[in-house]
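Student: Attaching a single structure in structure tokens format; questions to follow.
Chains as they are written, first to last, in this note's numbering: chain A, 1 to 130; chain W, 131 to 600.
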């Protein structure tokens, strides 16, 4: 794990984007948080920036228009060479649906599940070095 | 649903008609068979009675002849005894003709050596069918026979008188012998005709009986088959109906599942956003930033409130009966616009109204749902990069339909989304809407038997046209 990973937030809710950006800034002192408004924008970001990071942590919402979290994970699977990279995906959702949660946890690309509102302390413990 | 009820009402008599036919046919068949058997049994009793009649007459003739030649008193008594048999039948015939069923007639039949159990049938047939050709003919033969019996009796008394007074000569004897044998011959002919007539009648009745039985059984079989086919058809129809209903129920259930799933998420998401905002507000010292966060909290709550009222609209739209009443479109537009003035940029939008139709006959709840959803979308998705933002509202009457057009020069809808925008929970930006609005609007339009169409170009604007039957 690199000491300074790049962060990508894939989330459609503007308030949640703001909240997470502020928490990153104030608690983790991370000022450079990349934001994509839905799954498709997330995939596009990965295409454009695949050579611009050493290690990446994605925070992924489930319920989004255009391309939701599950669809993003399927698209991510098909991306070339993503296994080579050091990418961790944390799924973030307000869902309480047990089926959704277990589906998230079964995905081999998902490192962890986080419930909304964004649990910053729990997240900090999971990423050493920050 | 309504049509099928009418259809069922029309079918109702159809189902019971065959049953009624079967019932009536069976009843008629039973009656006909009962009476035919009774007639045949009575005929048999008459044939039996005739044999006693002719036997009595033959024996009487024989005893009279013996008496004529032997002058033995015993033979005379036997003659009288035997002659009583045809005489008894004769009394029965005469009294039945005169008075119908009576005690004397029944006694007459008993004297005629008929079996006591046959008397009822004998009387019944005579009284009810004496006018029927074959029986009338038989009765006529019988009458002639009775007359001859009378003659025989008269000859008998003449012989008896001559014997008593010893005036019987050999010539008398021969004369009487000749008379007796003549009467006997005539009687034999009458008796044969009587039997022949009864026999013919019986055979006719038998043929008739067979034919009616066959006809009625055919009617019954056909009716039962018809009834059966109707019932099978109805079973098939109702099975199909049940299958369709089941399909619809499954559909509704699926929809409900999806609704609960999405609703729980959409109801919870503003709360989690709010919690997040509270969290960062705690970390903030800058009073202006805090004010900004408070505004966002307010927005988050407003969004949740909007979502709840969408759900209420959805449920009202589903449950409430359509009520057709006069509705003022201009009032509905005014109310909706006033309601949405708080939305960002709303006060910068120019509303252009071209209302050629104002008051229409329709359902006000549905129209309100339709208009407010279309207007709120036009406001929410306005394009504030354009120097002038407008929303044009038109109403007019064309081809016998009311048309309501809501046109804007907003962000427009991308071609890829056009097929989906009326779907439940379809939403391009969850920050602006719940994904229920257009779905509910479409349901509302369908509830008042109208239609809704869209023409839109991305970045140019959208136009929704609602068509309502006049």
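Every residue gets a Cβ at the ideal spot worked out from N, C-alpha and C, and that includes glycine.
Just list the beta strand (DSSP E) runs in the segment 464-516 of chain W, keeping only unbroken ones of 3 residues or longer that don't cross its boundaries, in chain order.
Tutor: 479-485 and 489-492
Student: What does the alpha-carbon distance come out to for the pair residue 322 of chain W and residue 265 of chain W?
Tutor: Translated into positions along the second chain, residue 322 of chain W becomes position 192. Translated into positions along the second chain, residue 265 of chain W becomes position 135. Going by the C-alpha atoms only, they are around 14 Å apart.
Student: Do you know whose CA, among A:17, A:70 and A:4, lies nearest residue 52 of chain A's CA?
Tutor: What you label residue 52 of chain A is simply residue 52 of the first chain in a count that begins at 1. It is A:4 whose Cα lies nearest to the Cα of residue 52 of chain A.
Student: Can you name, in chain order, every residue of its own chain whose Cβ lies under 8 Å from the Cβ of residue 226 of chain W, other than the five neighbours on each side?
Tutor: In the second chain, counting from the first residue as 1, residue 226 of chain W sits at position 96. So the qualifying residues of the chain are 232, 235, 253, 256, 257 and 260.
Student: If you compare alpha carbons, which of W:243, W:493, W:345 and W:537 is closest to residue 183 of chain W?
Tutor: For the purposes of this step, residue 183 of chain W is taken as residue 53 along the second chain, with counting starting at 1. The candidate whose alpha carbon is nearest that of residue 183 of chain W is W:243.
Student: Answer with yes or no whether the minimum CB distance from residue 561 of chain W to chain A is below 7 Å.
Tutor: Position 431 of the second chain, counted from the first residue, corresponds to residue 561 of chain W. Cβ-Cβ to chain A under 7 Å: yes for residue 561 of chain W.
Student: Does the contact criterion of 3 or more C-beta pairs under 8 Å hold for the segment 521-541 of chain W versus the segment 587-599 of chain W?
Tutor: yes
Student: If you measure from the CB of residue 521 of chain W, is any heavy atom of the ligand HEM nearer than 6 Å?
Tutor: The ligand HEM is absent from the structure shown, which contains no ligands of any kind.
Student: Need the endpoints of the alpha helix (DSSP H) that residue 358 of chain W sits in, please.
Tutor: As a first step, residue 358 of chain W must be located in the second chain, where it is residue number 228. Counting along the chain, the alpha helix (DSSP H) containing residue 358 of chain W begins and ends at 300-412.
Student: Measuring only between beta-carbons, confirm whether residue 426 of chain W sits less than 7 Å from chain A.
Tutor: Taking the first residue of the second chain as 1, we reach residue 426 of chain W at position 296. Flagged as an interface residue toward chain A: residue 426 of chain W, by a C-beta distance shorter than 7 Å.
Student: Hey, how far is the Cα of residue 601 of chain W from the Cα of residue 177 of chain W?
Tutor: No statement about residue 601 of chain W is possible, as the shown extent of chain W runs from 131 to 600 and does not include it.
Student: Taking the beta carbon of residue 432 of chain W as the centre, do at least 16 other beta carbons fall within 10 Å, making it buried, or is it exposed?
Tutor: To locate residue 432 of chain W, count along the second chain from 1; it is residue 302. When all chains shown are included, residue 432 of chain W counts as exposed.
Student: For chain A, check one thing: does any of its Cβ atoms lie closer than 7 Å to the Cβ of residue 586 of chain W?
Tutor: What you label residue 586 of chain W is simply residue 456 of the second chain in a count that begins at 1. Output row for residue 586 of chain W: interface = no.
Student: Report the residue ranges of all alpha helix (DSSP H) runs contained in full by the segment 257-301 of chain W; include only those spanning at least 4 residues, in chain order.
Tutor: 263-294
Student: Using C-beta distances below 6 Å, list every residue in its chain close to residue 396 of chain W, excluding the 5 sequence neighbours before and after it, in chain order.
Tutor: As a position in the second chain, residue 396 of chain W is number 266, starting the count at 1. 437 and 564, listed in sequence order.
Student: What would DSSP say about residue 11 of chain A, mapped onto helix, strand or coil?
Tutor: If you number the first chain from 1, residue 11 of chain A lands on position 11. Of the three classes helix, strand and coil, the one that applies to residue 11 of chain A here is coil, per DSSP.
Student: In this structure, how does DSSP classify residue 124 of chain A when only helix, strand and coil are distinguished?
Tutor: One-based indexing of the first chain puts residue 124 of chain A at position 124. Residue state, collapsed to three classes: helix.
Student: Counting beta carbon pairs with one atom in the segment 90-101 of chain A and one in the segment 414-426 of chain W, are three or more of them shorter than 8 Å?
Tutor: no
Student: On the DSSP bridge list, what partners appear for residue 593 of chain W?
Tutor: Along the second chain, one-based indexing puts residue 593 of chain W at 463. Looking at the DSSP assignment, residue 593 of chain W forms a beta bridge with W:537 and W:585.
Student: Taking a contact to mean a Cβ-Cβ separation below 7 Å, would you say residue 501 of chain W touches residue 473 of chain W in this structure?
Tutor: Walking along the second chain from the start, residue 501 of chain W turns up at place 371. Walking along the second chain from the start, residue 473 of chain W turns up at place 343. Not a contact, by the Cβ cut-off of 7 Å.
Student: Could you confirm whether any beta carbon from chain A is found closer than 7 Å to the beta carbon of residue 411 of chain W?
Tutor: Along the second chain, read from residue 1 onward, the residue named residue 411 of chain W stands at position 281. Taking Cβ atoms only, chain A never reaches closer than 7 Å to residue 411 of chain W, which makes this a no.
Student: With H, G and I counted as helix, E and B as strand and the rest as coil, what does DSSP make of residue 92 of chain A?
Tutor: To locate residue 92 of chain A, count along the first chain from 1; it is residue 92. Correct three-state label for residue 92 of chain A: strand.
Student: Starting from residue 47 of chain A, trace the alpha helix (DSSP H) in both directions and tell me its first and last residue.
Tutor: The residue given as residue 47 of chain A occupies position 47 in the first chain. Taken as a continuous stretch (DSSP letters only), the alpha helix (DSSP H) holding residue 47 of chain A covers 39-49.
Student: How far does the beta strand (DSSP E) with residue 519 of chain W in it reach, from first residue to last?
Tutor: As a position in the second chain, residue 519 of chain W is number 389, starting the count at 1. Element bounds for residue 519 of chain W: 519-528.
Student: Measuring CA to CA, which of W:286, W:466, W:294 and W:418 is closest to residue 305 of chain W?
Tutor: Here residue 305 of chain W is taken as the residue at index 175 of the second chain, counted from 1. Closest by alpha carbon: W:286.
Student: Using the Cα positions of residue 416 of chain W and residue 405 of chain W, report the straight-line distance between them to the nearest angstrom.
Tutor: Translated into the one-based positions of the second chain, residue 416 of chain W becomes position 286. Translated into the one-based positions of the second chain, residue 405 of chain W becomes position 275. Using only the alpha carbons, I get a separation of about 19 Å.
Student: Could you check what DSSP says for residue 79 of chain A in three-state terms: helix, strand or coil?
Tutor: Mapped onto the first chain, residue 79 of chain A falls at position 79. Looking at residue 79 of chain A - three-state DSSP - the assignment turns out to be coil, as it is neither helix nor strand.
Student: If you measure beta-carbon to beta-carbon, which residues of the segment 502-524 of chain W are closer than 8 Å to chain C?
Tutor: The question asks about chain C, but that chain is absent: this structure's protein chains are A and W.
Student: For a contact defined as C-beta to C-beta under 7 Å, what are the partners of residue 572 of chain W on chain A?
Tutor: Working through the second chain from its first residue, we reach residue 572 of chain W at position 442. Ordered by position in chain A, no residue passes the 7 Å Cβ test against residue 572 of chain W, which lies about 18 Å from the chain.
Student: Which one or two residues does DSSP pair with residue 151 of chain A in a beta bridge?
Tutor: Coverage of chain A is limited to positions 1 through 130, which leaves residue 151 of chain A absent and any answer about it impossible.
Student: Suppose you measure from the CA of residue 529 of chain W to the CA of residue 459 of chain W; what does that come to, to the nearest Å?
Tutor: The residue you call residue 529 of chain W lines up with position 399 of the second chain. The residue you call residue 459 of chain W lines up with position 329 of the second chain. Approximately 19 Å between the Cα atoms of the pair.
Student: For chain W, is any of its Cβ atoms less than 7 Å away from the one on residue 14 of chain A?
Tutor: On the first chain, residue 14 of chain A is found 14 positions in, with the first residue counted as 1. Yes, residue 14 of chain A lies at the interface with chain W (some Cβ there is under 7 Å from its Cβ).
Student: Which residues in chain A have a C-beta closer than 7 Å to the C-beta of residue 391 of chain W? List them in chain order.
Tutor: To locate residue 391 of chain W, count along the second chain from 1; it is residue 261. Under the 7 Å cutoff, chain A gives 97.
Student: Could you check which residue in W:446, W:230 and W:588 has the C-alpha nearest to that of residue 498 of chain W?
Tutor: Your numbering for residue 498 of chain W matches position 368 in the second chain. Selected option, being the one with the closest Cα: W:446.
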